[in-house]
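Before any comments, here is the structure.
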Amino acid sequence: MTKLKKQFKAESKKLLDMMINSIYTNKEIFLRELISNASDAIDKLYYRSLTDKKVSVNKDELEIRVSIDKENRTLTISDNGIGMTEEELEENLGTIAKSGSELFKQNNDKEKDISIIGQFGVGFYSSFMVSDKVEVTSKSIDSEKSYKWVSTGVSGYTIEEAEKKNNGTEIVLYLKKSTDENNYEEFLEEYNIEMLIRKYSDYIHYPIKMLIEKTEKKDDKEEKVSEDKTLNSMIPIWKKNTNEVKEEEYNDFYTDKFYDYEKPIKVIRSNVEGRCSYTSLLFIPSHAPFDYYSKEYEKGLQLYSKGVLIMDKCSELLPDYFSFVKGLVDSEDISLNVSRETLQENYQIELIEKSLETKIKKELENMLKENREDYEKFFKDFGMQLKYGVYSSYGNKKDVLGDLLLFTSSKDKKYTTLKEYVERMKENQSTIYYACGESIDKIDLLPQVESVKEKDYEILYLTDYMDEFVFKTMMEYDGKNFMNVSDEKMDLDSEEEKEELKKNNEKNSKLFDEMKSYLKENVSSVRFTHKLKNHPVCLTSKGEVSTEMEKVLNSMPNNMNNVKAETILEINENHPISKKLEELYKEKNKEELEKYTKILYQEARLIEGLPIENPTELTNLVCELISK
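End of the sequence shown sits at 627 in numbering that gives the first Met the number 0; the numbers just go up one at a time, nothing left out.
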């Protein structure tokens, strides 16, 4: 039969050029597309065998084969599916964006069990991203003759009769020569082909086979032998019945697919039907990846459609505060763009994301309730991300995340939830008390903490830099407001004690004005307090920014504003230092009063963990006083 040179039936050759160079962002996708087409061809044949008595198929013999010829630089993908006639080759390959699979689905749309992957008719042309020439030899189940379609790209194609005995299609890619930018040699390596099939087409439900060369010893001699190897697992673990899958299988799947050396702390599996049906298999890691809290970390779940990997990390499926979750989603309802690399309609993804958020939250709550040890281990690694979710949402996500947060309690120095704290509150207590610091031990040394503990109130110890910001955005929990024990509003005195302190502060108002003049803008005021048991002095915060928040904000990179908390210098009315200050003022010894004031202020800063503004002056003043 004479070869006939034909042009593509498109409006312009630019369309094919766009298919080859613009639609697909990743060249390795071509293998996924060709294998998906082969799977569709076998599906069509199997369906015909169910509806046409003249067509007989042994399901165990249906397969896809891949072979490599390094010498001739070819990669071949073949199937024993339904095949194509000359007219179908002309229609399906000669007309860009004409999809035989889509037409098949339309003609059989009443059959619910049909799972055809292809739909746009452009996947085949991705082969030109890596090939100078493509040969397609096919024999239809409905024809005695076979035909070969050959093209080098935009120049057109030829169709001629060929010699092929059995039905099916064979595609031979003549790979391009490698350049500085692109290495096409990798598609001639068995290991790389096997890796790509496992990555994108592992769950194609027909075996994908390849002859693999290996070395064996026979009679003390090494011989190269070929072994027929099935490269895909075919049945996704998430499609198996839950009672058929052992814990070890989930663990092996996780460590293999997500490159972790430890088994997950939690496996979450679900099958959801509704406006957007999907199956998911999620894992909560037992430890944080080394780059988790860095800009390099990339969140997202694997997205499959009909068992074919579409996206390796679909970030839209997870809210940021659950970015630690690994796993996958498989859905036939997802609308994809023409290249099947990106999503077409976000509302479907939003439905799945909302459903996954609810599921993950529920599973974490169950872990917290039923396996506290595991949850606390999880929280040590990922609790910061949950806290950030509350803070970054300006408190809007506190109903989702609030009950998942843990803080150290002053009662036993162990983790507690906000719910557990509230359940233990005193009968008339309406406030959740907390204290901030670099460590539990340092918080314990704060003067304000000592007096609150003495009155038998529980305190939450906040040691993460974000903790107080979280409470500020939450504002309240279960109707209980949050109160920093270092806040100026903190007052556990009785009414009689409050009245007595008020009178004493009014009596010494001129003393405090004098001391305030020495400290200038460093404090907003000076006063006596009953908050301190044995300690002489402390700084309390006034307004929204506490001293701990001041430290955090000023430690951030590129901080253009020198943030300063508005503070009050509070002096223990029952400490001998208060009498000393009163005496100095009565004696009009302003020079000594100024020295004492500055020392007390710097001591208060030290206690709060704030930097000393003038260390030299402080040391000189202390030495001068103790030498008298």
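All C-beta atoms in this analysis are idealised placements derived from N, C-alpha and C, irrespective of residue type, glycine included. Nothing here was measured: the structure is a model prediction, and the numbers come from that model.
If one requires a minimum length of 3 residues, no beta strand (DSSP E) run lies completely within the stretch 365-396. Within the DSSP secondary-structure output, residue 310 pairs in a beta bridge with 302.
Ranked by Cα distance from residue 549, the first of 526, 571, 467 and 240 is 467. In this structure, residue 604 keeps its C-beta atom at 8 Å or more from the C-beta atom of residue 598. Residue 526 sits buried, since 16 or more C-beta atoms from the chains shown fall within 10 Å of its C-beta.
For residue 530 and residue 400, the gap between their C-alpha atoms comes out near 33 Å. Annotated three-state conformation of residue 548 is helix, per DSSP. Of all C-beta pairs linking the stretch 58-75 to the stretch 200-219, three or more are shorter than 8 Å, placing the two stretches in contact. Around the beta carbon of residue 542, a 10 Å sphere encloses fewer than 16 other beta carbons of the protein chains shown; the residue is thus reported as exposed.
Excluding five sequence positions before and after residue 237, the CB atoms of its chain that fall closer than 6 Å to its own CB belong to 278 and 280, given in chain order. Leaving aside the five residues that flank residue 129 on each side, the residues in its chain whose CB is nearer than 7 Å to its CB run, in chain order, 26, 29, 172, 174, 175, 183 and 186.
Annotation: residue 419 to residue 431 spans about 11 Å, alpha carbon to alpha carbon. In the structure shown, residue 270 adopts extended strand secondary structure according to DSSP, grouped into three states. By the 16-neighbour rule on beta-carbons within 10 angstroms, residue 289 is exposed. In terms of Cα proximity to residue 126, the closest of 274, 141 and 152 is 152. The criterion of a C-beta distance shorter than 8 Å is satisfied by residue 136 and residue 169. When DSSP assignments are scanned along the stretch 506-593, the uninterrupted stretches of alpha helix (DSSP H) that are 4 or more residues long and fall wholly within it turn out to be 508-518, 546-554 and 575-585. Remark: C-beta atoms of residue 359 and residue 267 approach each other more closely than 8 Å.
Residue range 614-625 is occupied by the alpha helix (DSSP H) that includes residue 622. Within the same chain, 435 and 467 come within 6 Å of residue 547 by CB-CB distance, once the 5 residues on both sides are set aside. Taking the Cα positions, residue 180 is about 27 Å away from residue 313. According to the DSSP assignment, residue 317 belongs to no beta strand (DSSP E), since it is labelled neither H nor E. DSSP places residue 123 within a helical segment (H, G or I) once states are collapsed to three. Residue 385 and residue 404 do touch by the CB rule: their CB atoms are close to 6 Å apart, below 8 Å. In the DSSP assignment, residue 133 falls within the unbroken beta strand (DSSP E) covering 130-138. In this structure residue 316 is in contact with residue 352, their Cβ atoms being roughly 5 Å apart against a cut-off of 8 Å.
Across the structure, residue 508 and residue 493 are spaced so that their CA atoms are roughly 22 Å apart.
The continuous alpha helix (DSSP H) containing residue 38 extends over residues 28-50. Here residue 282 carries a strand assignment [DSSP, helix/strand/coil].
Burial state of residue 515 is buried, judged by a 10 Å Cβ sphere holding 16 or more other Cβ atoms. Across the structure, residue 368 and residue 446 are spaced so that their CA atoms are roughly 35 Å apart. Per the coordinates, the alpha-carbon of residue 262 lies some 14 Å from the alpha-carbon of residue 323. By the neighbour-count definition (other C-beta atoms within 10 Å, threshold 16), residue 122 is a buried residue. By the beta-carbon neighbour count (other beta carbons within 10 angstroms, threshold 16), residue 200 is buried.
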